[in-house]
Structures are given as C-alpha cells and as structure tokens.
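Enquirer:
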Ligand code: SAH
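So, in structure tokens, the structure goes:
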C-alpha cells in the first residue's frame, strides 16, 4: 500500500477531522501512487491517520476518504457513502424537483457534486429523472464508474450526465469534460418543480449543473413575501427568484441579467407556469450600470434581490469584490421604498459572513438608510456544512428591511 508520511506536528488538522492535506505538510511518499490512488496517511511517528486520495499535481495533495483504519476504500465504500447521502436528503429535503444529492466534503466524497432533477409530470405518470455530476478532484475522478453505479442503484434514476467543465479540474491535472455517463442524453425540455413553480433546467449548457439548487429555501422566502410588491431581481439567470415572486403574487417583477440565453429560458419559465407575462420585465443588460440608471430615474421597489456571480474567486480578489458588493448593495438600498426588503447574497468563499455583513452595513450607511437584519440566509439542508471544514460555506445572504 502506498503510504504518505507527514512532517512533525502536521497531523493536527487531520486529528481535528479536516479532510485536506496540503503538499507542504508532506515529509515523504512511499511507493508511486497514481493520480487519484488511495494512500495511507501516517503521522511522523508512524501512527495511522487516514486513508486518502492522492493528487500529485494539486496543492491539496490529499483528500481524506476515511479516518477509520478498519475501513477499506472499495466499491462497497462508495456505495455506502452514496446511500448515506441520499438517506439524509430523503429525511430533510422533500417535495422538490431539484435536490443536491452529494455535496463534496460534507458527504465524505471530496470534490464531488451531484444534483438530481425530477421531471415535472402529471401525477401517476412515470418520468425518468436526471442526475448531473461534477468531478472536481483526482480521487472521485478515479472512482467515477463506482460512483455512477452507486448513484444509479441508490436513486433508481438511470440517466447520469457529467458537467465537469470547470477550471478547477486543471489544478488536479484533469482535462475538462462533459457527456453522458449512463442512460440517455438529457431532455431538452427538462422541467423541475420547486415550491410549486416549474423551471426549465438546461443540463447541458446551463450554469453549474443547470440550476442554482442552493437557493431553494431563499426563493421560497421571496415567494412568501412578494404579495402585491414591486420586485427587482438582479442577476436573475433563468428567473429563479423572479418566478418565485410571480408565484407569490408580486405586482410587477423587473429582472436583470447580461445573458440573453438565460433570459430566454426565464421567459419560457413564465409561460410554462401560465403567469401573466405583462407583470414581468426582462432587462438584458449590465447590472451595475442598470442599477445606477434605475436609481437616477427615481424607480422604487418594495423587494430587491441581489444574487450576483462569485465576485471573489480567490483571496487576492477580496478587495475588488468588496467594492463590487458594496456598489450593488448601495443601489439596492437606494431603490427600496420605506419598509422594503433586500435579499442580498454572496457566493464568494473568500468573503466570510462577517465581512459580507460589514460590506452591506457600509452600503446602507452610504445610502443613508437604517437597515435591520431580519434573517441570516444560506443554502438549504442538502448543502450541509462539515463542522471541521468551514471552507465549505460559500453561500451567505442577509434579509434586511429598511425602516
Ligand atoms: N439568482 C439566480 C442565480 C444567479 S447566477 C438563481 O437563483 O437562479 C449569476 C447571474 O449573473 C448569471 O445569470 C450571469 O449571467 C449574471 N451576470 C454576471 N455578471 C453580470 C453583470 N455584470 N450584469 C448582469 N448580469 C450578470
């Protein structure tokens, strides 16, 4: 068995059950483990610490599979991990057509994302679902077939599509790739029902796996508070929050995105739900400029959603990202009528919840409004956060009301 021995005292994070080991913590490697091969990790004094996947090119050289010395890493291991993840969703996430089945480290499968879309079909008719996977580390790449078999077996869903077209794979020495892993090509017209709203999901070319599954609970919250409100949804993508607002009885919904393709699906979503298209306006434009223009024109709303892309992909972008978050939140506050609600998000892992709250508070001060935090927001139950791995928290949001 290939063995990796750590430098003195570098075992501490593993003893706290953090699942990563960086290259600079390694003293020596015995054997010649291939990319993704399983290695035994030992402390400097030879104590067993974990079994892990070896990634020779990545700075994150090891990702832990198991801290249990008695647990071999084989097909049965992946079957157990997949079944455990799915059992968790069956308990905590029900009645939705879009579920994250596997959320990487938090499910003991570092580097793996799997979303399950269930085709919205009339009651009683059988509709095949669609699983969509992203393999983002050497370990899960090496066990891809075992994982796909386990997923099909545990869900009964025969169709598995891969969306590993993510740049992060390059850090693992892996090429980007997409395609069918099992079953049929994804449907062009896949529609998932979430909170009573039907959403087209473009599995092949949409963002991530086709849909922002992580915002489900937050879309439900917008739906709950949209009645008779004028709503602005900025960075709307395929209309997630816009459709939720329409379902919740919003008077008017203005949505902004710079992707024409995303807006085309958003419009199709209005139709698929039979909503009044006259209540929805879609602006194919840059959000930063459009927000400032709306402020200048004296537009006002009762509910504003700001859910931008990741402004800080890495630590070195934090300052610039902070300015961008402040800019849009400043406009957001200025656009709200008294009593209005702001749902504001950051999905930048490099900006933690405290910093995000400070940025938003700064924007409120500059807009000269008193803003009250009604609720701190995050992703749903299908995106658990491993206590030993706070890096797993990426989506954070605030629901504020201006007084
Ligand atoms: N809120 C959405 C997800 C948003 S993803 C949901 O719940 O489904 C971020 C979106 O921001 C993408 O659709 C992208 O096209 C858009 N975007 C990125 N930069 C932009 C810009 N400068 N102006 C407008 N839209 C932008």
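In our numbering, the protein residues as written are 5 to 407. Ideal placement from N, C-alpha and C gives every residue a C-beta, glycine not left out. Remember, it's a predicted structure, so these values are computed and weren't measured experimentally.
#1: Which residues count as close to the ligand SAH when the rule is a CB under 5 Å from any of its heavy atoms, in chain order?
#2: Find out if the Cβ-Cβ distance for the pair residue 166, residue 177 is shorter than 9 Å.
#3: Ordered along the chain, which non-local residues of its own chain (more than five positions away) have a Cβ less than 6 Å from that of residue 35?
#4: Out of curiosity, what's the CA-to-CA distance linking residue 157 and residue 151?
#5: Let me confirm a value: residue 19 is counted as buried when at least 16 other C-beta atoms fall within 10 Å, else exposed. Which label applies?
#6: Please say whether residue 213 and residue 137 have beta carbons closer to each other than 9 Å?
#7: Take the Cβ of residue 407 as the centre, count every other Cβ of all protein chains shown within 10 Å, and call the residue buried at 16 or more, exposed below.
#8: Determine, using beta carbons only, whether residue 269 and residue 206 come nearer to each other than 9 Å.
#9: Hey, is the stretch 240 to 259 in contact with the stretch 353 to 365, meaning 3+ C-beta pairs nearer than 8 Å?
#10: Can you tell me whether residue 199 is helix, strand or coil according to DSSP?
#11: Once the 5 residues before and after residue 350 are set aside, which same chain residues still bring their CB inside 7 Å of it?
#12: What is the DSSP secondary structure of residue 350, reduced to helix, strand or coil?
#13: Here's the rule: buried if 16 or more other CB atoms are within 10 angstroms of the residue's CB, otherwise exposed. What is residue 333?
#14: Could you tell me how far apart the beta carbons of residue 96 and residue 154 are, in whole angstroms, since I believe they sit closer than 8 Å?
#15: Can you give me the Cβ contacts of residue 458 inside the same chain, cut-off strictly under 7 Å, excluding the 5 residues immediately before and after it?
#16: Quick check: the stretch 379 to 398 against the stretch 98 to 107, are at least 3 beta-carbon pairs closer than 8 Å?
#17: Measure the Cβ-Cβ separation of residue 279 and residue 260 and say whether it is below 9 Å.
#18: Excluding the five sequence neighbours on either side, which residues of its own chain have a C-beta within less than 6 Å of the C-beta of residue 9, listed in chain order?
#19: What would DSSP say about residue 31, mapped onto helix, strand or coil?
#20: Less than 9 Å between the C-beta atoms of residue 65 and residue 127, yes or no?
#21: Which residues in the same chain have their Cβ closer than 6 Å to the Cβ of residue 375, if we skip the five residues on either side of it in sequence?
#22: For residue 324, count neighbouring C-beta atoms within 10 Å of its own C-beta (all shown protein chains included) and say buried if the count is 16 or more, exposed if not.
Expert: Taking the geometry as given:
#1: 216, 219, 239, 241, 244, 261, 262, 263, 266, 290, 291, 311 and 313
#2: no
#3: 6
#4: 10 Å
#5: exposed
#6: yes
#7: Exposed: under 16 other Cβ atoms inside 10 Å.
#8: Cβ atoms of residue 269 and residue 206: closer than 9 Å.
#9: no
#10: DSSP places residue 199 in coil when its eight states are reduced to three.
#11: 329, 360 and 400
#12: strand
#13: buried
#14: Contact doesn't hold; Cβ gap of about 20 Å is too wide.
#15: This structure cannot speak to residue 458, because the chain is shown only from 5 to 407.
#16: yes
#17: Taking a C-beta distance under 9 Å as the contact criterion, residue 279 and residue 260 do not qualify as a contact pair.
#18: 31, 32 and 46
#19: strand
#20: no
#21: Closer than 6 Å at Cβ, skipping near neighbours: 368, 404 and 406.
#22: exposed
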